[in-house]
Structure formats: C-alpha cells, structure tokens
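S.K.:
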Amino acid sequence: MTTFTLNGAAITSISSFYAELNRVFMANEDWKLGESLDALNDLLYGGYGALHGADTATIIWTNYESSREALGEAATRAWLQAKIASPHFNTDHFAKELAALNNGAGQTYFARILEVFADHRNITLQPA
Numbered sequence: 486m487t488t489f490t491l492n493g494a495a496i497t498s499i500s501s502f503y504a505e506l507n508r509v510f511m512a513n514e515d516w517k518l519g520e521s522l523d524a525l526n527d528l529l530y531g532g533y534g535a536l537h538g539a540d541t542a543t544i545i546w547t548n549y550e551s552s553r554e555a556l557g558e559a560a561t562r563a564w565l566q567a568k569i570a571s572p573h574f575n576t577d578h579f580a581k582e583l584a585a586l587n588n589g590a591g592q593t594y595f596a597r598i599l600e601v602f603a604d605h606r607n608i609t610l611q612p613a
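See the structure below:
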C-alpha cells in the first residue's frame, strides 16, 4: 500500500487545496490538475500521477479540521457565486445550492471532497 500526506496547513482555500493535490500527486507530471471535483475523482481512479498503477493507497490529511474550516461555508458560498456568475454553468442549479447553503441545509465544498473520496474504496482517507 502506498501512503501520501496532504498538508492541511497549506489548504486555506479551494485553489490551495488543488495546489496541494498537485504538489503531492502531480509532481512528476508535466501538467497539473484543474480545480474541479471531477479532476479529483479522475485522480483517485489512479490513471495518472503518483496514484498511477496503485491498487490501494492511504492518504493522511494533516490539519484536517483547519482544512474543513477553510473549505467550509464561506469558501463554498464564494465558489457557488462564481458558478452562478459564469455563463458556462447551469446557474439555476447552483443558485438552488447556494440557497440551500444559506438556509443551513447545503453541502460545503469540504463535504463534496469527502464524497468523492468515499466513492473510491481502494483509497483510505485518514484525518490527522
């Protein structure tokens, strides 16, 4: 089993989350992951980067709680507002998600990340 460590202290925003993923998993690639949950999902399938060919992996996420806060409601609200402002996205969908977040029922970006990890049974996410 291969083990990787995400430095949660370096994760202060959605952009820095992807920068940390790129530092850990894409250091030997000549390209970087884009800032999307689909890119994270693709990475965890193990088709490229440091996970290429790995049957199983453990990812230790240090400073997990500070990452939860950094990727919480405020970051999610800004992310959803950017989606709504873009003509390239289904703005009605993201407006409903923003309304749910504002009403206390919406999902944070951090929770979305955890859902992506949960879809990969061969990847163990270990908060630290």
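When you read off a place in the sequence shown, starting at 1, and then add 485, the result is the number in our numbering. From the three backbone atoms N, C-alpha and C, an ideal C-beta is built for every residue, glycine too.
In this structure, how does DSSP classify ASN507 when only helix, strand and coil are distinguished?
M.R.: DSSP places ASN507 in helix when its eight states are reduced to three.
S.K.: Along the chain, where does the alpha helix (DSSP H) that runs through PHE489 open and close?
M.R.: Where PHE489 is concerned, there is no enclosing alpha helix (DSSP H), although the beta strand (DSSP E) it sits in stretches over 487 to 492.
S.K.: Beta-carbon within less than 8 Å of THR488's beta-carbon, same chain only, minus the 5 sequence neighbours each way: which residues are those?
M.R.: The residues are ALA542, THR543, ILE544 and ILE545.
S.K.: Whether or not the region 527 to 537 and the region 559 to 576 are in contact is what I'm after, with contact meaning three or more pairs of Cβ atoms, one per stretch, closer than 8 Å; do they touch?
M.R.: No, because fewer than three Cβ pairs between the region 559 to 576 and the region 527 to 537 fall closer than 8 Å, the two stretches do not touch.
S.K.: Should LEU522 go down as buried or exposed, given a rule of 16 or more other Cβ atoms within 10 Å for buried?
M.R.: With fewer than 16 Cβ atoms within 10 Å of its Cβ, LEU522 is classed as exposed.
S.K.: Could you tell me the boundaries of the beta strand (DSSP E) in which THR547 lies?
M.R.: Run containing THR547: 542 to 547, per the beta strand (DSSP E) assignment.
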